[in-house]
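Here's the structure we're looking at; comments come further down.
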Amino acid sequence: MSSISIAPMNIEVRRPATVRLTRRGRIVVFAVFLALAAAVMVSLSGLADAGAPQQVRYIQVVPGQTLTDIAREVGGHSDIRDTILEIEKLNGMSGAALQIGQRLALPVR
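Under our numbering, read the sequence shown as residues 99 to 207, first letter to last.
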């Protein structure tokens, strides 16, 4: 017969390593925090309106009228694409489609 012997195993219990920041690590963490804070402030700065509310006038869309035609009349010498975007933003539009009889807010220039 053969005999089986079980030898005791040496099991080492390790304690979890503690994380320690060096001076350079603290500077990096602080710089990342400042960069994130600056990014949040820049993104939120557009929410604050520095000036008076924009003056608008209203028109009602007639048959055959397009947003491009309206932007040409309203825009003056400015770029027509900027005027179209401004009209879309004022009216909460997701595109340039108009409906006959629709009431549009237009910037006063």
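Quick reminder that beta carbons are idealized off the backbone N, C-alpha and C, glycines included.
Bear in mind the structure is a predicted one, so any value in this text is a computation, not a measurement.
Exercise. Going by Cα to Cα distance, which pick from A195, A203, R122 is closest to Q163?
Worked result: A195
For this session: Specify whether the region 154-162 and the region 184-200 touch according to this definition: at least 3 beta carbon pairs, one from each stretch, less than 8 Å apart.
Result: yes
For this session: Give a yes or no on whether the minimum CB-CB distance between G173 and chain D is below 8 Å.
Result: Looking at the structure shown, chain D is missing, and only one protein chain is on hand.
Exercise. Between the beta-carbon of I178 and the beta-carbon of L202, is there less than 8 Å?
Worked result: no
For this session: Output the distance between the C-alpha atoms of R124 and I109, rounded to the nearest integer angstrom.
Result: 36 Å
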